[in-house]
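> Sending over a structure as structure tokens; questions will come in a sec.
2 protein chains.
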Amino acid sequence: MSAPIDAEAVASVRAFNRAVTTRIGALRDHHLGGGRSLGASRVLWEVDGDGVDVRDIRERLELDSGYLSRLLRSLEREGLVTVAGSPADPRVRSVRPTDAGRGERAELDRRSDELAASLLAPLSDGQRLRLIDAMDTVMRLLDAGLVEVESADAASDDARRCLAAYYDELARRFPDGFDPGQSLHPDTHEFTEPTGLFVLARLHDRAIGCGAVLFQEDGRAYLKRMWVDESMRGTGVGRRILDALEQAAREHGAASAVLETNETLTQAIAMYRASGYVEVEPFNDEFYADLWFAKPLA
Amino acid sequence: MSAPIDAEAVASVRAFNRAVTTRIGALRDHHLGGGRSLGASRVLWEVDGDGVDVRDIRERLELDSGYLSRLLRSLEREGLVTVAGSPADPRVRSVRPTDAGRGERAELDRRSDELAASLLAPLSDGQRLRLIDAMDTVMRLLDAGLVEVESADAASDDARRCLAAYYDELARRFPDGFDPGQSLHPDTHEFTEPTGLFVLARLHDRAIGCGAVLFQEDGRAYLKRMWVDESMRGTGVGRRILDALEQAAREHGAASAVLETNETLTQAIAMYRASGYVEVEPFNDEFYADLWFAKPLA
DNA sequence: TCATATCGCTGACCTTAGTCAGGGATTCGG
DNA sequence: CCGAATCCCTGACTAAGGTCAGCGATATGA
């Protein structure tokens, strides 16, 4: 997967880091903030609408309890927030913005927009589109490097969310919709050891993809429920899920992997073919399948 | 040129800023430095080979005189640099790295490479190429917004450098080479008010493009010597130089702009056509021209 | 030669960012 | 109801980053 890294590529990345941190970083720190310290601004930013628990802020910004406490005091002194014990548990304290605090947040927002706009302003329409497209690619690929694929409980909340998103997407993409009840193996409890496996792809602790495999007694590993969040497609997450499932199948002594799919899922089909899957005769009567694939496992 | 800015575009840029400053910035600050403070590392980085004047470091890093002095003392205490009065003017002090200092710089370099490599490491070869390409696009377009086009003395050093680069490129691209002496108007003094104008495009005070115009008595403005540095092509700099020359021509009452070019300069020709230039009969006997263009000025 | 400017240094001072050890109030589990 | 845990706060402390006024040494221009 990862060949040795070209020195020229490293130099390009370094140039990018330098350019971006000076250009954007310098702007951000001095443009934003506006008199307030960066720490206080960051905290103010987290305090929205209906009140936020102090511990949530602490966790999100990874701040020391004492440090955060002091930042809150300074925001209180400025009249931007109020801190009060939560009604449910008075140990937990809840921070709410005052009207002035809401105004300051809006101002922060405005300045952030202004900064972004100042980068776009000198460009033509075509250049703006190209810039945004390239920024999107950079973000997605930087994220791609942080995705972790690992086995998980198919009944967990994260897994459920992924499967729901998967079914939802099938319902949207299939011409006649999708009903999980009509599909084979609709029950998730089969995807656990030793009969099967369920894997989740995570990015920043958010589940953004899943896949399952059933180790059949005939020596074939039956792959199901492969899905990747729209925002992360094209970054190799699907491939990594596939690899993880195949690896597990190998370890369980499976001689081949099989799967079926629907012809509307063109990206998935392309990935299967690129991974060495070849079309075979239908091996089951999955209601939603048009194509059946198999691949020998080394 | 710059239409009102789409709110969605602004949101994309903001997302990029956030993603990049957290992902790269966080890595940089804690990865780099390595025990030393960031400030001291930055200074050490500026101290190369043959000694650097303190005031140059101060200017490049925009540091306070007192602050820099203290950072230098701490580097001296660590045995990484020596500071001595410059022989020419003992008020000016010059900083040189010791052997240990050179070693530390190499170490800094290594860590910087490592950081860049760590972003590339988890990616496949294809993804790496895409990432680097997108990073390059982002850098170039961010830079494009900072380019300034302004009139300049055609005899200045910057102008000379641009023209030299221009001739050099023509010599490389034309099948039979290029000799400025054989070309019309090889003398630069004509490109000054009131008979003409010379403009330079600058990025971070570096000249990266030029263009000239001659206001002819027949009411035509004759454009010459348009060039943009290779690294900035495709970012609209050429178009801006063209606009500046045309605008000056209009202000001098010119009814049309004319220019000739060589068919090997395909990018330039495409830009002329896109700007409203149409091919006309040869209006001079420029030795190196294959194509003659004209455009009415509003 | 003398006033003026330049250059870097030092001392004094400030804010920001962050860490750590308690401590009071409260909840929770048994 | 007791002990343990939780939550936030305060006080004490440190390092980094940065600003400012003034000083001594030197150069430069009139």
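Chains as they are written, first to last, in full-length UniProt numbering: chain A, 1 to 298; chain V, 1 to 298.
Using N, Cα and C, we set each Cβ at its ideal position, and we do this for glycine too.
1) Go ahead and pull the three-state DSSP assignment for T235(A).
2) Am I right that H189(A) and K224(A) are in contact with their C-beta atoms under 8 Å? What's the rounded C-beta distance?
3) Give me, in chain order, the residues of the same chain whose beta-carbon lies closer than 8 Å to that of D153(V); leave out the 5 immediate sequence neighbours on both sides.
4) When you compare each of A207(V), L71(V), V213(V) to E230(V) by their alpha carbons, which one comes out closest?
5) For L131(A) and A121(A), what's the separation of their Cα atoms in angstroms?
6) Give the interface partners of Q127(V) over in chain A, defined as CB-CB distance under 8 Å, in chain order.
7) Are the beta-carbon atoms of S118(V) and Y288(V) separated by less than 9 Å?
8) Since S12(V) contacts M135(A) with CB under 8 Å, what's their CB separation in whole angstroms?
9) Kindly say whether A15(V), judged by its beta-carbon, lies nearer than 9 Å to any beta-carbon of chain A.
10) When we look at the beta-carbon of P282(V) and count the other beta-carbons within 10 Å, is it buried (16 or more) or exposed?
11) Helix, strand or coil for R102(A)? Go by DSSP, reduced to three states.
12) Closer than 9 Å, CB to CB, is M135(A) near chain V or not?
13) How far does the beta strand (DSSP E) with G209(A) in it extend, from its first residue to its last?
14) I'd like to know whether the C-beta atoms of D143(A) and M226(A) end up nearer to each other than 9 Å.
15) Between Y167(A), M271(A), M139(A), S37(A), which has its C-alpha nearest R23(V)'s C-alpha?
16) Given this structure, state the Cα-to-Cα distance separating D133(A) from D113(V), to the nearest angstrom.
17) Output the distance between the C-alpha atoms of residue 300(V) and V10(V), rounded to the nearest integer angstrom.
18) Just checking my contact of F178(V) with Y167(V) at CB under 8 Å: how many whole Å lie between their CB atoms?
19) Cβ of I57(A) less than 9 Å from any chain V Cβ?
20) Between L291(V) and T261(V), which are expected to be in contact by the criterion C-beta below 8 Å, what is the C-beta distance as a whole number of angstroms?
21) Report the neighbours of T22(A) on chain V: residues whose CB is nearer than 8 Å to its CB, in chain order.
22) Pair every Cβ in the stretch 73–81 of chain A with every Cβ in the stretch 98–111 of chain A, then say whether three or more of these pairs are closer than 8 Å.
23) From this set, A7(A), D285(A), A274(A), which residue's C-alpha is nearest L129(V)'s C-alpha?
24) Assuming R202(V) and E148(V) are in contact, meaning their beta carbons sit under 8 Å apart, how far apart are those beta carbons, in whole angstroms?
25) R240(A): buried (16+ other C-beta within 10 angstroms of its C-beta) or exposed?
26) So which residues of chain A does L200(V) contact, with C-beta pairs closer than 9 Å?
27) Would you mind sorting L200(A) into buried or exposed? The rule is 16 or more other CB atoms within 10 Å of its CB.
Walking through what the data contain:
1) coil
2) Incorrect: roughly 13 Å between the Cβ atoms, too far for contact.
3) A159, T192, F198
4) A207(V)
5) 12 Å
6) L141, A144, T235, G236
7) no
8) 6 Å
9) yes
10) exposed
11) helix
12) yes
13) 206–215
14) no
15) M139(A)
16) 26 Å
17) In this structure chain V extends from 1 to 298, so residue 300(V) is not present and cannot be described.
18) 6 Å
19) no
20) 5 Å
21) Those within 8 Å of T22(A) in chain V number zero; the least Cβ separation is about 10 Å.
22) yes
23) A7(A)
24) 5 Å
25) buried
26) Result: empty, since nearest Cβ-Cβ is about 17 Å, beyond 9 Å.
27) buried
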